[in-house]
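Take a look at the structure set out below.
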Amino acid sequence: MALPDECLGLTRVAGFYYLTQKLIAFGFPAAHASFTTLVITLSCISALLLNYGWELRSYRRSRHTHDQSGQEARVPPRYPSMIPFLGNVIPFLADSANSIRKAGSYAGNLVTTRVPFLGKDVYLIHDRETVRKVTKHPTLSSPMDLYIFSLKYMFGMPKRGLDAYRKDNSGPLSKPYPGSNVAPQDRIDYMLHDNFIRQWSGPHHSTTTQRFKRALTARFDSFIVNEQWERVDDLYDVLAKRVSAALTESIFGPSLLRLNPNFIDDLWKYDDVVPYLVRGFPRWLMPTPYRIRDSLRGQIEKWYAYARENFTEDSIEADGDGDPYWGSEFVRHFQKMLSESGHDDAMLSAQDFGTIWAAGSNTVPSVSIACLHIFRDPVLLQRLRAEVDEAFPTSEDLASASHQQLLKLPLLCSIFAETLRLYTKVFFGFSSPHEDAVLGKYRLPKAQLGLWNSDLPHNDDTFWNTKSGQHPIDTFWADRFIVDPNDPESGPIRPELRKREVKTGLREEKSKKPYFSTEGLDGAWVPYGAGIPICPGRLISKNVILHTTAFMVKNFDVELLTPKLEISHWRYGLGVGRPAHEIPARIRKRMQ
922 MALPDECLGL TRVAGFYYLT QKLIAFGFPA AHASFTTLVI TLSCISALLL NYGWELRSYR
982 RSRHTHDQSG QEARVPPRYP SMIPFLGNVI PFLADSANSI RKAGSYAGNL VTTRVPFLGK
1042 DVYLIHDRET VRKVTKHPTL SSPMDLYIFS LKYMFGMPKR GLDAYRKDNS GPLSKPYPGS
1102 NVAPQDRIDY MLHDNFIRQW SGPHHSTTTQ RFKRALTARF DSFIVNEQWE RVDDLYDVLA
1162 KRVSAALTES IFGPSLLRLN PNFIDDLWKY DDVVPYLVRG FPRWLMPTPY RIRDSLRGQI
1222 EKWYAYAREN FTEDSIEADG DGDPYWGSEF VRHFQKMLSE SGHDDAMLSA QDFGTIWAAG
1282 SNTVPSVSIA CLHIFRDPVL LQRLRAEVDE AFPTSEDLAS ASHQQLLKLP LLCSIFAETL
1342 RLYTKVFFGF SSPHEDAVLG KYRLPKAQLG LWNSDLPHND DTFWNTKSGQ HPIDTFWADR
1402 FIVDPNDPES GPIRPELRKR EVKTGLREEK SKKPYFSTEG LDGAWVPYGA GIPICPGRLI
1462 SKNVILHTTA FMVKNFDVEL LTPKLEISHW RYGLGVGRPA HEIPARIRKR MQ
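To convert, note that position 8 of the sequence shown is 929 in our numbering; the numbers rise steadily by one, no gaps.
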C-alpha cells in the first residue's frame, strides 16, 4: 500500500537524520573537524525539517477533522513553522503578502488559522462565516497592544506616553469592559474613540468635507491655470500630494502647512520608508526613517506653539467647527483632552502624526489609482463624464453637491468600491481583553491577537462575480458593484450565491435601472474593517474619494503617456499600495 506524500517525506527525513547521527557516532574515515561541523549542521537542518514535517501533517489532519466537524467552538488549527519559538516571523517579514495568502487559505478556501509568531500565537481570521461573527461580537475591539506598537515604532511616542496607554484595559466604548478598573480620566481608549466618532461620523464630517473641497479646488486652480497641456513626470505624485494637502488642511487647518511648506513632501517620504519602522529596523542600522519621522514631529510641535499663541474662541468659524489655527473641533478637543490627561508636546505630536498619516494612507492612494484607471480607459472616462455631467451640469454644482447626491451615481460609486476591493491590503486587529470570544466554530482566547487582512476576502474567487471569467478577480472591473435588474449575471456576488447572500430583492423590484450595491458583502468587502474596530474616518474617506474622482473627470483632460500600471507590494498590510513606477502624463483644464 502506498504511503501518503507527507509520510514518505517524514520517512526520508528521519532516515537522513539517522544516517548523519551514525556518521558522527562511529566516525567516517575521512572525517575531520570541518566535516563534523557540516554533519552537525545537516543534522540540525534535518531536525528542523522533521519538526516541520510533523507540524505540517498535524495541521492537515486537524484542518480536515475540525473543518468537517460540528463540535463546540475551539481554537483554530495551528499553522506549521520551521523554527521553534521564531515560528513564522522570518517568512512573514520577508514576504508578507505570500505568507498571509498561504496561511489564510487551504484547499482553495479561506480559513481561520492559528499562526506561531515569536513564541505567541496570532489568530488569522479570513473565512466569511467567522469574519461576520467578529464584526458582530460585543467584546471585540482594536487591541491596545497593536495601538501601542504603532505609536512606538511608527510615530515615535515616548515611553512615558506609552505607559498611559498600557494601563487602560477598559475598551473604546462608553461603558467600561467588565473586569477593568480604570479611572474615568485615564480611559484614553474611550476618549480617543469617542472623539473620532463625534468628529468624523457626526455632524462635523460634512463641514470637514466642505473644507476639503475648497482646499482641493484652490490647489488645482493654482497648478493648472488654463487649457494648455502641461506635462508632468508623475501623475500619481501630482494627484496624491494635492489631495493629501487638502485633506490635511481640512482637519488640521491651513497654519500647519503654511508654517511648514515641505510637510506634505516629507510626509510622502515617510510613507516610502515606514515599512522599515514596522519591521523594527533600529535607528543605527536604518537612520533615514527615524530622521524623517523626527522632522515631521518637530514641524507639528512648531505649529503647536503658533496655534497656542494666536488662537482665540473668536477664531472659530460660523459652523462651530473650523478655525485657521487648530483647524477643527476635533484637533481642539484632542489638545484639551490629552493635555489634561498629562500629554506633553512630544506625546501629542506622536498622536497627531499618527492621525495625519492614517487619514491619508488609504484614501489618497485610492483616489489617485481610481483616477489612473479612469483616464487610461477612454470608454470608461466617457461613461463616467456623462454620468457626472448629467447630475452636475457645472463645476459649481459639483462643488456644492452633498454626499447623498454623489451616492446616486452608480458608476462613480462602483469605481470607488472596486478600487478599494482590488487595492486595499490592510491588517485589522482585534482582541477580547477579559474573556474568550466565541466566533461560531472557533474560539479566540482572551487577550489574544486576532487579525485579518482585507486582501484575502477581497480576492476570494469562490465568492466574487467575474461574469463567467470575463473580469478575473485580480483585475479592475469598473462595473463589478453595479446590479442590473435585467442581467442575472451582474452584481458583485457570483450569481449562484446571490440568492443566499442577498436577503431581500426589494431594491431590485422597485428599480428597473442599474444601481450600485454592496448588499450581501458582509465579511467579503471590508476595506475599512467592521464591527467596533471599524475605521472611524470611513465617511470622510468615502467623501474624499467620491468627490475628488468626480472633480477630476469634470474639470480636467488627462493623457497618460504610459500604458503601464504596476502596484508595489512594499507597503503590504499598511493600506493601499502605490505604483511601482512613475506615471508620465499631460494634463489641462477640460475644454467644455
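Just so it is clear, CB atoms sit at the ideal spot from N, CA and C, and this is done for glycine as well.
Valine 1103 has its alpha-carbon roughly 8 Å from the corresponding atom of lysine 1088. Residue burial annotation: serine 1389 is exposed, with fewer than 16 other C-beta atoms found within 10 angstroms of its C-beta. Along the stretch 1289 to 1359, the beta strand (DSSP E) occurs as fully enclosed runs of 3 or more residues at 1345 to 1351, listed in sequence order. The alpha carbon of isoleucine 1504 has as its nearest neighbour, out of Gly1494, Glu1487 and Lys1510, the alpha carbon of Glu1487. Tryptophan 1205 sits exposed, since fewer than 16 C-beta atoms from the chains shown fall within 10 Å of its C-beta. Your pair leucine 1372 and aspartate 1066 does not check out as a contact, with CB atoms roughly 12 Å apart and the cut at 8 Å. Serine 1262 and glycine 1174 have their C-alpha atoms spaced approximately 24 Å apart.
If you look at lysine 1073, you'll find it isn't in any alpha helix (DSSP H); DSSP assigns it neither H nor E. Straight through space, the alpha carbons of proline 1409 and tyrosine 1227 are spaced by roughly 60 Å.
If you draw a straight line from the Cα of tyrosine 973 to the Cα of methionine 1003, it is about 5 Å long. Secondary structure of alanine 1451 (DSSP, three-state): coil. Taking C-beta atoms under 8 Å as the contact rule, asparagine 1116 and histidine 1254 qualify, at a distance of about 6 Å.
The Cβ neighbour count for alanine 1015, taken over all protein chains shown within 10 Å, is under 16; the residue is labelled exposed.
Its chain contains Met1112 and Asn1116 as the residues whose beta carbon lies nearer than 8 Å to that of methionine 1258, once the 5 sequence neighbours on both sides are disregarded; these appear in chain order.
For valine 1479, the uninterrupted beta strand (DSSP E) run begins and ends at 1477 to 1481, by DSSP. Under the DSSP assignment, alanine 1280 falls in the alpha helix (DSSP H) whose first and last residues are 1266 to 1282. DSSP lists Ile1508 as the bridge partner or partners of glutamate 1151.
Under the three-state reduction of DSSP, isoleucine 1021 is assigned to helix.
With a cutoff of 7 Å on beta-carbon distance, leucine 1481 and arginine 1364 are scored as not near each other. Take the alpha-carbon of arginine 1342 and the one of arginine 1022: they are about 16 Å apart. With 16 or more other CB atoms across the displayed protein chains lying within 10 angstroms of its CB, cysteine 1334 is buried. For lysine 1367, the closest C-alpha among the options Asn1374, Ser1375 and Ala1358 is that of Ala1358. In this structure the stretch 1450 to 1470 does not lie against the stretch 1409 to 1422, because fewer than three pairs of beta carbons, one per stretch, are closer than 8 Å. Cα atoms of asparagine 1374 and alanine 1024: separation of roughly 11 Å, rounded to the nearest angstrom.
By a beta-carbon distance limit of 8 Å, phenylalanine 1184 does not contact glutamine 1131. Their separation comes to about 22 Å. Judged by DSSP in its simplified three-state form, tyrosine 1197 adopts helix.
DSSP lists no beta-bridge partner residue for aspartate 1048. A residue is called buried when at least 16 other Cβ atoms come within 10 angstroms of its Cβ; methionine 1075 meets this threshold and is buried. Residue Phe1351 holds the alpha-carbon nearest to the alpha-carbon of lysine 1057 among Ala1501, Ser1462 and Phe1351. The continuous beta strand (DSSP E) containing glycine 1371 extends over residues 1371 to 1374. Between the stretch 1462 to 1480 and the stretch 1283 to 1298, the count of Cβ pairs shorter than 8 Å is three or higher; the stretches touch. Under DSSP, the beta-bridge partners assigned to tryptophan 1385 are Ile1414.
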